[in-house]
Structure formats: C-alpha cells, structure tokens
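Engineer: Read in our numbering, the sequence shown has 1536 at position 53, and its numbers run on one by one without any break. Glycine is no exception: its CB is placed at the ideal position from the N, C-alpha and C atoms.
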Amino acid sequence: MKITCTELDAAAIVKVEGDLLIDSVAEAKPQLIAAMAASKDIRLDLGGIRACDTAGLQLLLLARGSARARDARIRVTARSPSFDTAAERVGIPFDAFDK
C-alpha cells in the first residue's frame, strides 16, 4: 500500500493506493494519521484502492475520527469499486468518510 500527501490550495490531498487489508493496516496507520494531520482541509482520494477489507475500513474510520477531533474538514474525492464494495458489505454509507 502507498499513501501520499500533497498540498493544493492549502488543502492536503491524501491518496491511498494498493491493498488496504488486515496485513497492511498496522504499517499504514502512522502514515495515514500523519497525512491526515497535514491540514484542516483534507481531500481523501481512495480511487487507487485495489482491495479493501474491514480492517482497512476501520483504519479509514480511525483516521477520520482523528481528523474530526482536530476539527478538520474531510472530503472524499474518489472511491474505487473495491472500497465501495467493502463499505457496502458492512453497511457503512459512503458519506460516512466525509465531514
């Protein structure tokens, strides 16, 4: 999995690519939390996620909670079919990741 953070007009563009699965979330957690702390305006690009399971969803929800605690604004700008399928399977609405 690859997490990158770039800046555009004072917003942090956080891009998650690859497999967001149980065997990679422990390694990805500090990277994602740090990327989400980069700005009060976060644009989350999940369009590059190839595979996602419940552990991956939990990591994204944890990161969202961390950003909300800092009163940051989060907007999902892209979602992959794999992410959509995983979220739908467990009943998480797509807008749950936006604030």
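How would you call G1539, buried or exposed, if buried means at least 16 neighbouring beta carbons within 10 angstroms?
Structural biologist: G1539 comes out buried.
Engineer: Helix, strand or coil, according to DSSP, for A1520 in the structure here?
Structural biologist: coil
Engineer: Output yes or no for whether 8 Å exceeds the beta carbon distance between G1532 and S1507.
Structural biologist: It is Ile, not Gly, that sits at residue 1532 in the sequence shown. No; because the gap between Cβ atoms is not below 8 Å, this pair is not in contact.
Engineer: Specify the secondary structure class of L1504 as computed by DSSP and reduced to three states.
Structural biologist: coil
Engineer: At what residues does the beta strand (DSSP E) containing A1546 begin and finish?
Structural biologist: Segment 1537-1552 is the alpha helix (DSSP H) holding A1546; no beta strand (DSSP E) there.
Engineer: Kindly indicate which residue of A1561, R1551, R1553, Q1541 has the alpha-carbon position closest to the one of V1573.
Structural biologist: Q1541
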